[in-house]
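Protein chains in written order, with full-length UniProt numbering: chain D, 1 to 388; chain A, 1 to 388; chain X, 1 to 388. All remarks here apply to the structure that follows.
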Amino acid sequence: MPAGDVIDVFDRVQVPEKLADHLRTVELVDHHVHGVFNEPVDRAGFEESINEGSTDPIPGFMTQFDSPLGLSLRRWCAPLLGLDAFADADTYWKRRTELTPGELADVFLPPARVARWVVDTGFKGDLISTPQRLTELSGAPCSEILRLERLAEDLLEAGTAAEAFPEAFRAALTAAAANPEIVGTKTIAAYRTGFDIDWSRPSDTQVVEHARALAARPSTRVDSPVLIAFGVHEAAERQLPIQVHVGFGDRDLDLQRTDPLLLLPLLRTMVPVPVLLLHCYPFHRQAGYLAQAFDHVNFDVGLGINYLGVRSTALVAEAMETAPFAKQLYSSDAFGPPELHLLGSVLWRRAMGLELGGWIHRGDCSVEDAIRIVDMIGVHNARRVYGL
Amino acid sequence: MPAGDVIDVFDRVQVPEKLADHLRTVELVDHHVHGVFNEPVDRAGFEESINEGSTDPIPGFMTQFDSPLGLSLRRWCAPLLGLDAFADADTYWKRRTELTPGELADVFLPPARVARWVVDTGFKGDLISTPQRLTELSGAPCSEILRLERLAEDLLEAGTAAEAFPEAFRAALTAAAANPEIVGTKTIAAYRTGFDIDWSRPSDTQVVEHARALAARPSTRVDSPVLIAFGVHEAAERQLPIQVHVGFGDRDLDLQRTDPLLLLPLLRTMVPVPVLLLHCYPFHRQAGYLAQAFDHVNFDVGLGINYLGVRSTALVAEAMETAPFAKQLYSSDAFGPPELHLLGSVLWRRAMGLELGGWIHRGDCSVEDAIRIVDMIGVHNARRVYGL
Amino acid sequence: MPAGDVIDVFDRVQVPEKLADHLRTVELVDHHVHGVFNEPVDRAGFEESINEGSTDPIPGFMTQFDSPLGLSLRRWCAPLLGLDAFADADTYWKRRTELTPGELADVFLPPARVARWVVDTGFKGDLISTPQRLTELSGAPCSEILRLERLAEDLLEAGTAAEAFPEAFRAALTAAAANPEIVGTKTIAAYRTGFDIDWSRPSDTQVVEHARALAARPSTRVDSPVLIAFGVHEAAERQLPIQVHVGFGDRDLDLQRTDPLLLLPLLRTMVPVPVLLLHCYPFHRQAGYLAQAFDHVNFDVGLGINYLGVRSTALVAEAMETAPFAKQLYSSDAFGPPELHLLGSVLWRRAMGLELGGWIHRGDCSVEDAIRIVDMIGVHNARRVYGL
Chain D
1 MPAGDVIDVF DRVQVPEKLA DHLRTVELVD HHVHGVFNEP VDRAGFEESI NEGSTDPIPG
61 FMTQFDSPLG LSLRRWCAPL LGLDAFADAD TYWKRRTELT PGELADVFLP PARVARWVVD
121 TGFKGDLIST PQRLTELSGA PCSEILRLER LAEDLLEAGT AAEAFPEAFR AALTAAAANP
181 EIVGTKTIAA YRTGFDIDWS RPSDTQVVEH ARALAARPST RVDSPVLIAF GVHEAAERQL
241 PIQVHVGFGD RDLDLQRTDP LLLLPLLRTM VPVPVLLLHC YPFHRQAGYL AQAFDHVNFD
301 VGLGINYLGV RSTALVAEAM ETAPFAKQLY SSDAFGPPEL HLLGSVLWRR AMGLELGGWI
361 HRGDCSVEDA IRIVDMIGVH NARRVYGL
Chain A
1 MPAGDVIDVF DRVQVPEKLA DHLRTVELVD HHVHGVFNEP VDRAGFEESI NEGSTDPIPG
61 FMTQFDSPLG LSLRRWCAPL LGLDAFADAD TYWKRRTELT PGELADVFLP PARVARWVVD
121 TGFKGDLIST PQRLTELSGA PCSEILRLER LAEDLLEAGT AAEAFPEAFR AALTAAAANP
181 EIVGTKTIAA YRTGFDIDWS RPSDTQVVEH ARALAARPST RVDSPVLIAF GVHEAAERQL
241 PIQVHVGFGD RDLDLQRTDP LLLLPLLRTM VPVPVLLLHC YPFHRQAGYL AQAFDHVNFD
301 VGLGINYLGV RSTALVAEAM ETAPFAKQLY SSDAFGPPEL HLLGSVLWRR AMGLELGGWI
361 HRGDCSVEDA IRIVDMIGVH NARRVYGL
Chain X
1 MPAGDVIDVF DRVQVPEKLA DHLRTVELVD HHVHGVFNEP VDRAGFEESI NEGSTDPIPG
61 FMTQFDSPLG LSLRRWCAPL LGLDAFADAD TYWKRRTELT PGELADVFLP PARVARWVVD
121 TGFKGDLIST PQRLTELSGA PCSEILRLER LAEDLLEAGT AAEAFPEAFR AALTAAAANP
181 EIVGTKTIAA YRTGFDIDWS RPSDTQVVEH ARALAARPST RVDSPVLIAF GVHEAAERQL
241 PIQVHVGFGD RDLDLQRTDP LLLLPLLRTM VPVPVLLLHC YPFHRQAGYL AQAFDHVNFD
301 VGLGINYLGV RSTALVAEAM ETAPFAKQLY SSDAFGPPEL HLLGSVLWRR AMGLELGGWI
361 HRGDCSVEDA IRIVDMIGVH NARRVYGL
């Protein structure tokens with residue numbers, strides 16, 4: 001990317017120059033992300049795509065632009081569309097509609113300066129770009145994450161008999177572990193059962209029984225604690241890293257039942273493959289505690305970074321409390337508008353610079369240490385965890 | 001109010017002047033407040049009235065002036081009594097005793113610059129001023145909130161037969177909905193049952209049964225989940241906004257059972273009238289999440305603003321994380337000393353100026369957007385929600 | 001201590017000079033602390049001793065020096081070993097190995113400027129120094145805390161018959177209450193049962209039954225809610241202050257079951273002796289609430305101060321929200337390396353200066369009030385609570 005394309009994420013704030021230079025340009029691993037929209041969306045669809053919690057249309061009395069995320073979007077994305085920073089919502093929207101999805105990706109993906117996307121392909125896969133397309137659009141390679149519940153559903157929908165389900169699931173995971181493009185797995189137990197379940201490893205007999213019950217239902221949506229625990233333990237046995245959706249998400253989940261502390265029974269007893277606690281807001285302090293307490297536990301504060309906008313500085317700061325710096329990763333959890341792929345990166349760089357810059361300024365950290373912390377969280381930890 | 005009466009809430013701090021000017025003078029809607037004391041209180045009574053959590057006298061080894069709220073009171077209220085800022089507790093108290101309740105109201109209410117009080121009249125109604133008296137004292141009109149549990153108790157105490165209770169309750173709510181002075185309702189389920197109850201809509205048969213059981217007890221204190229859920233659903237059916245006490249309150253409540261996430265089963269299934277999550281500390285991040293996830297959910301961080309004193313800046317900042325700006329409201333939750341009606345306003349204005357001023361200073365927000373955010377939270381959202 | 005030994009905890013930050021002078025030199029009561037290591041430790045042992053949560057060796061891919069605590073240790077402790085601030089981990093370790101445990105204590109204990117250590121002797125008592133030795137090393141007197149579960153275990157291990165257990169326990173507590181060196185007790189219910197137990201006072205019959213069941217087991221590890229509640233109520237009846245481990249600790253505990261709000265049933269009904277909620281992170285806001293709500297409840301944010309390192313400033317700030325200033329205490333909860341005894345003190349002084357200095361700077365507090373708050377939390381409250 002030409003030097004002119006480096007966004008000055010420290011415009012109007014003071015950050016020690018060496019740290020600022022590094023943060024402006026370091027190429028990140030975005031360890032949990034989705035594709036960009038393949039097709040144009042209308043304004044209602046766009047506004048819904050920048051509201052994580054709701055599953056309804058945005059009501060008439062408001063616009064989602066009037067939110068911390070919307071404000072940051074107007075601040076950082078409008079200039080990339082040739083508009084003034086803080087262009088109003090209508091102006092932003094009008095300009096955006098003049099560009100195709102591919103052009104929008106061209107505008108927003110490269111300045112995110114992401115060296116590798118680790119893509120979760122498990123959700124609404126046909127609305128958004130494949131990893132291959134994301135690589136074409138961004139110029140950066142992708143690795144893939146296999147969603148465990150999706151795998152189970154695919155097997156059952158393909159007609160796998162309940163009796164054959166455990167072996168078929170294991171075979172698929174073994175194949176995934178041998179596939180260099182797949183670097184880990186993910187569970188959305190948060191959405192399906194909450195974390196307050198029996199996490200002990202089920203027997204095949206139990207698994208067959210639950211698979212049979214599921215196959216008899218109109219939908220194969222996996223919401224059986226037995227099938228979910230089965231998936232996690234099988235992935236662990238194959239040394240596959242396991243991403244876990246934690247906390248912040250849409251209102252289908254019972255947020256209080258996604259407190260990561262409820263995972264303690266699992267974390268204490270599982271085969272200790274890398275566990276990646278994703279998002280975690282507002283339980284990020286609990287997640288940091290777990291990352292300190294268990295060698296195999298790591299976490300991020302993705303998704304929250306985008307949704308908190310300017311306040312992501314506080315979130316990023318709170319995420320550097322008890323966890324060793326080797327146990328935190330960067331992610332955007334962007335899904336849909338490529339603005340989100342960019343914003344995650346811009347807001348994280350900026351927040352790290354403001355927080356670590358403050359540490360340096362007050363004599364609490366050296367510049368070299370700050371840069372090392374940035375590299376661990378932004379790049380190296382993901383490489384180690386996923387073997388990239 | 002003469003210009004001279006505008007309190008300089010930004011004394012000694014730097015806030016962009018246009019925003020500062022607006023925040024000093026904008027007339028707020030205090031959407032959840034109580035009256036002021038009608039009679040003089042002694043010092044013990046005063047100190048108890050500035051401690052929210054305890055229900056005991058303040059012990060001899062301390063004074064409640066030595067708290068964040070006490071410190072802010074000495075900072076902001078002492079000068080209005082003609083004392084130096086930070087006058088000591090004894091000096092403050094001595095001066096305060098020289099004024100009648102009416103004179104104290106004259107001192108503290110007008111500079112709060114509140115355009116309308118939305119008054120909860122359900123608690124200790126005879127110790128404190130009526131809405132009519134609050135209007136006389138402050139010059140600002142009042143609207144009223146009907147407490148649902150109080151209504152049920154009033155009906156039963158007036159001898160309503162259990163069999164007639166459902167209809168009588170509905171009739172009273174219908175009358176309230178037609179009364180322009182009553183703009184909403186409130187539930188104190190937090191104090192009576194906690195939020196981990198069955199929120200489904202009960203049948204009249206169930207309601208009658210619970211009303212009968214209650215009528216047979218020496219006290220008519222409503223603590224039946226069935227009667228509470230009944231009240232909420234009936235209010236919703238009549239399109240009445242519903243305030244919900246959440247979090248911070250006195251020690252009679254089980255604070256952990258007032259986590260607003262426990263309201264999810266209600267929020268997902270109720271008729272979607274405006275729900276106002278009140279106070280919310282220390283669950284304000286959870287409340288903000290709900291306000292993003294549900295179109296009909298709104299929240300405030302009143303009460304906490306006063307009790308955190310100087311630290312209210314952090315609370316106000318944390319309240320601007322995930323919720324759209326259209327979903328937060330201002331309140332003081334003042335009760336008793338008119339200092340609290342003033343302090344809520346002063347501390348909120350100051351905190352908003354410090355936080356938003358920081359956003360502007362670092363280029364994260366325009367001045368115009370900051371002013372718009374102030375107006376939404378401080379004025380417009382309340383007008384929309386209650387139809388004022 | 002010669003003036004030259006005063007650490008400038010405000011190096012490179014601006015704090016009002018009078019407050020800074022006071023904070024640099026005030027002699028603290030460290031109301032919850034353990035001894036220092038009696039013997040040299042190897043590097044693995046040292047790294048484990050600066051990780052609170054884990055019970056495993058530090059894995060090969062990281063060093064615990066790369067954590068907030070490690071960073072603060074390199075910042076504040078390296079210079080006391082004659083190294084540059086931020087000396088790297090290997091350099092630090094090499095220099096440290098040149099000193100005996102006694103020499104390390106000589107380096108780190110006196111500049112902590114602690115006037116009195118209140119020592120919990122209940123854990124790993126033979127690896128670390130006795131109170132007597134801590135006094136020799138530091139020059140400061142010690143008081144002692146009796147661990148209730150340890151007392152029960154000692155009695156049973158000494159062969160006390162189950163039938164005699166209640167009386168023997170009471171007699172031991174009565175003796176402790178008469179012993180001027182013992183100023184309080186402690187419960188580790190957090191580790192043994194969690195707080196969601198029946199806290200009502202058990203009958204002697206129940207206690208005997210549980211003691212008998214325990215005596216019949218291979219280990220006398222007290223994990224019976226009945227025996228734990230018995231210990232707490234007996235201590236309270238003898239007017240002994242009761243420290244309660246809350247929150248942050250190693251992964252043996254179910255952190256979510258150590259939310260101090262779960263203590264409400266106990267706090268509401270017990271004989272109101274001083275209760276000291278220890279550590280509390282990440283539930284410190286809940287702890288502050290309880291300290292406001294109950295005259296007999298106090299709290300600290302020890303342990304967390306060390307483990308959050310530079311971020312302890314935020315923790316100390318959040319601990320000054322709702323609680324009266326008379327209800328918070330200072331502690332380090334240091335255990336093992338004397339660096340921790342020093343760091344707790346340095347980080348607390350620094351955090352208090354930064355936070356209170358900000359209050360003063362913005363006109364929210366007078367210098368005199370800030371100094372008074374420091375003295376209450378750092379010295380006076382502990383003296384009052386324990387009768388020192």
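Using N, Cα and C, we set each Cβ at its ideal position, and we do this for glycine too. These numbers were taken from a predicted model, which means no experiment stands behind them.
| Check | Outcome |
| --- | --- |
| Give, in chain order, every residue of the stretch 301 to 312 of chain X whose Cβ lies closer than 7 Å to some Cβ of chain D. | Y307, L308, V310, R311 |
| From what residue to what residue does the beta strand (DSSP E) around E144 of chain X run? | 142 to 147 |
| What are the residues in the stretch 225 to 258 of chain X lying within 8 Å of chain D by C-beta distance? | F248, D250, R251, D254, L255, Q256 |
| Rounded to the nearest angstrom, what separates D106 of chain A and R349 of chain A at their Cα positions? | 20 Å |
| Applying the criterion that 16 or more other CB atoms from any shown protein chain within 10 Å of the CB defines a buried residue, is L82 of chain X buried or exposed? | For clarity, residue 82 of chain X is Gly in the given sequence; the question names Leu instead. Exposed, because fewer than 16 other Cβ atoms sit within 10 Å of the Cβ of G82 of chain X. |
| Is the stretch 147 to 165 of chain D in contact with the stretch 228 to 238 of chain D, if contact means three or more CB pairs nearer than 8 Å? | yes |
| For E17 of chain A, which of A:S366, A:Y386, A:P337 has the nearest alpha-carbon? | A:S366 |
| Between L71 of chain D and D295 of chain A, which are expected to be in contact by the criterion C-beta below 8 Å, what is the C-beta distance as a whole number of angstroms? | Going by Cβ atoms, the distance from L71 of chain D to D295 of chain A rounds to 20 Å, so no, they are not a contact pair. |
| I'd like to confirm the pairing. Which residues does DSSP put opposite W117 of chain D in its beta bridges? | D:D30, D:C142 |
| Could you check if V15 of chain D belongs to the surroundings of the ligand ADP, using beta carbon to heavy atom distance under 7 Å? | With respect to the ligand ADP, the structure offers nothing, as it holds no ligand at all. |
| Which one or two residues does DSSP pair with T100 of chain A in a beta bridge? | T100 of chain A pairs with nothing; no bridge assigned. |
| Compare the C-beta of D223 of chain A with all C-beta atoms of chain X and state if any pair is closer than 8 Å. | no |
| Could you give the residue range of the alpha helix (DSSP H) that holds V232 of chain D? | 225 to 237 |
| Using a C-beta cutoff of 8 Å, does D364 of chain D count as contacting chain X? | yes |
| Pull the bridge partners of Q243 of chain X from the DSSP assignment, please. | X:K186, X:L276 |
| I'd like to know whether the C-beta of A3 of chain D is nearer than 8 Å to at least one C-beta of chain A. | With a pLDDT of 39 at A3 of chain D, under the threshold of 50, the modelled position of this residue cannot be trusted; read the value that follows with caution. Not one chain A Cβ lies under 8 Å of A3 of chain D. |
| Show which residues of chain X have a CB atom less than 9 Å away from the CB atom of P79 of chain A. | Within chain X, no residue comes near P79 of chain A; the closest Cβ sits about 11 Å away, beyond 9 Å. |
| Would you mind sorting S224 of chain X into buried or exposed? The rule is 16 or more other CB atoms within 10 Å of its CB. | buried |
| Quick one: does P260 of chain A have its CB under 8 Å from some CB of chain X? | no |
| Could you list which residues in chain A have their beta carbon closer than 8 Å to that of E149 of chain X, in chain order? | The contacting residues do not exist; E149 of chain X stays about 24 Å from chain A at best. |
| For the stretch 8 to 19 of chain D, which residues have a CB atom closer than 9 Å to at least one CB atom of chain A, in sequence order? | D11, R12, V13 |
| What separation, rounded to the nearest whole angstrom, lies between the Cα atoms of V15 of chain D and G357 of chain D? | 5 Å |
| Mapping the DSSP letters down to three states, classify F335 of chain A as helix, strand or coil. | coil |
| At the level of alpha carbons, what is the spacing between G184 of chain D and S331 of chain D? | 15 Å |
| In chain X, what lies closer than 8 Å to Q64 of chain A by C-beta? | P324 |
| If you scan the stretch 249 to 331 of chain A from start to end, which runs of the beta strand (DSSP E) of 3 or more residues do you find wholly inside it? | 275 to 279, 297 to 299 |
| With 16 as the cutoff for other CB atoms within 10 Å, does K186 of chain D come out buried or exposed? | buried |
| Looking at L277 of chain X: is its Cβ nearer than 8 Å to the Cβ of A287 of chain X? | yes |
| Closer than 7 Å by C-beta to V41 of chain D: which residues in its own chain qualify, once you throw out the five before and the five after it? Chain order, please. | S49 |
| If you pair each beta-carbon of the stretch 300 to 316 of chain D with each one of the stretch 59 to 79 of chain X, do three or more pairs fall below 8 Å? | no |
| Considering only DSSP beta bridges, list what F108 of chain X is partnered with. | DSSP, once it has assigned bridges, lists no residue as partnering F108 of chain X. |
| Against L276 of chain D, what residues of chain X qualify as contacts under a CB-to-CB distance less than 9 Å, listed in chain order? | Within chain X, no residue comes near L276 of chain D; the closest Cβ sits about 15 Å away, beyond 9 Å. |
| When you check each C-beta in the stretch 316 to 341 of chain D against every C-beta of chain X, which residues fall closer than 8 Å? | A317, E318, M320, E321, T322, A323, P324, F325, A326, K327 |
| Nearest-angstrom Cα distance between F108 of chain D and F46 of chain D? | 15 Å |
| Classify S219 of chain D as buried or exposed, calling it buried when 16 or more other Cβ atoms lie within 10 Å of its own Cβ. | exposed |
| Could you give the distance in angstroms between the alpha-carbon of P2 of chain X and the alpha-carbon of M352 of chain X? | With a pLDDT of 40 at P2 of chain X, under the threshold of 50, the modelled position of this residue cannot be trusted, and the question is left open. |
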